[in-house]
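Report on one structure; see the data block that follows.
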Amino acid sequence: MSVNVPYLNYLKNLRDNPNKYSAQKATPLRSVIVTDPRVAKAAVFEDSNEDAMEDLIKKTKVKESVRQAMMPPSKEGPTNRALTDDEGNVVTLEQIEAGSEGLMSPTSESDLGVTDPDKVFEEGNFKDDVILGDFTGTIDILKKNTEFTTKLSTIAEKYDITEREILRVAAKESSLLTDPKAKNMFEILGTPANEAGIDLDKLNASTNPVDHLDALEKYLDRWNYDGKASLGLLIAAPAARNASSDYIVYKKGSAELEANPKWAGPDGNATVESINKFYRGE
């Protein structure tokens, strides 16, 4: 059964007659508005002809704010509401275009959930990051993994650190799990793994990045991490997490520093400050 859609006639006339005075002759509100359209019962459109309505709205030359206001919602289900202001009062297209005070606000990109396609995770564009700039391809893959991004966000919030810092440490330790020499994403070793209840053999065999975030969470819980020390320092030397910046964590010539020479500062020793700089790219 065909349903009469008053707004279709009005919009067709509006499209074919740029002169608003001429278009007004076809308005479905003309016969029902007595005084203030806010208190009158305006004609409403049913959603039976949604496809035709949406196509017509797209073709009609009206302001974008009006177009968005008229488009039937796709996520909230069908509706038969007329155009309304922020308080639910009935309004006309003319009032919206006139910008009357209190009417529906123009739809913004943030209202529509539109985001910059170059932005990833909470930190935005990593292309210019001194560390992560070399891993944008890998990051593009990781950001498509909803389980990974959700876990990453959860850990960042739980320990009051940024997603960027977590990714930087992972990049330094394992090239975000792409370095074949790395055993796991954060290079968690035997003793710390045992203390944190991590099955290291299973972790090292896993190619699922979510498993490595789960292991990181267990590791941080084991040290009651509160985000005050850098994540890199907690990975490299958790016992020094509360030490001063000039504290010598590993002396020149030590086995730890021989294995990680880039931790060293200008004097050849690895201090809290030099380790932090390594992981943060400073």
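Heads up: the sequence shown begins at 387 in my numbering, then just goes up one per residue.
For glycine and all other residues, C-beta sits at the position ideal for the given N, C-alpha and C.
**Prompt:** For the alpha helix (DSSP H) that contains residue 605, what are its first and last residues?
**Reply:** 595-608
**Item:** Residue range of the alpha helix (DSSP H) that includes residue 555
**Value:** 549-560
**Request:** Since I believe residue 596 is in contact with residue 572 (beta carbons under 8 Å), could you give me their beta-carbon distance rounded to a whole number of angstroms?
**Result:** 13 Å between Cβ atoms; not a contact.
**Item:** Contacts around residue 537, its chain only, beta-carbon distance under 6 Å, and the 5 residues preceding and following it disregarded
**Value:** 596 and 599
**Message:** Residues in the same chain with beta-carbon distance under 7 Å from residue 494, minus the five sequence neighbours each way, listed in chain order, please.
**Reply:** Its pLDDT being 45, under 50, residue 494 is placed unreliably in this model, and the coordinates cannot settle the point.
**Prompt:** Which residues share a DSSP beta bridge with residue 670?
**Reply:** The structure shown does not extend to residue 670, since the chain is modelled only from 387 to 668, so the question has no answer here.
**Item:** Closest Cα partner of residue 605 within the set 658, 642 and 580
**Value:** 580
**Item:** Cβ pair residue 525, residue 534 closer than 8 Å
**Value:** no
**Message:** Just verifying my parser: in three-state terms, what is the DSSP assignment at residue 577?
**Reply:** helix
**Message:** Can you confirm whether the stretch 557-572 touches the stretch 633-647 when touching is taken to mean that 3 or more C-beta pairs between the two stretches lie within less than 8 Å?
**Reply:** no
**Asked** Is residue 668 buried or exposed, if buried means 16 or more other CB atoms sit within 10 Å of its CB?
**Response** exposed
**Asked** Between residue 661 and residue 623, is the Cβ-Cβ spacing less than 8 Å?
**Response** yes
**Message:** Just to check my reading of the structure: residue 552 and residue 617 have Cβ atoms closer than 8 Å, yes? What is that Cβ distance to the nearest angstrom?
**Reply:** 6 Å
**Request:** Give the DSSP-derived three-state secondary structure of residue 587 in the structure shown.
**Result:** helix
**Request:** Work out the CA separation of residue 637 and residue 522 for me, nearest whole Å.
**Result:** 35 Å
**Asked** Considering only C-alpha positions, which residue in the set 642, 532 and 657 is nearest to residue 594?
**Response** 532
**Message:** Please classify residue 558 as buried or exposed, where buried requires at least 16 other C-beta atoms within 10 Å of its C-beta.
**Reply:** buried
**Request:** For residue 592, collect the residues of the same chain with a Cβ closer than 6 Å to its Cβ; drop the 5 residues on either side in sequence, then sort them by chain order.
**Result:** none
**residue 546 vs residue 607 beta-carbon contact at 8 Å** = no
**Asked** Apart from the five residues on each side of it in sequence, which residues of its chain come closer than 7 Å, Cβ to Cβ, to residue 519?
**Response** 512 and 513
**Request:** Between the Cα of residue 614 and those of 642, 628 and 603, spot the shortest distance and give me the residue it belongs to.
**Result:** 628
**Request:** On a CA-only basis, which of 625, 665 and 602 is nearest residue 541? Give me that one, please.
**Result:** 602
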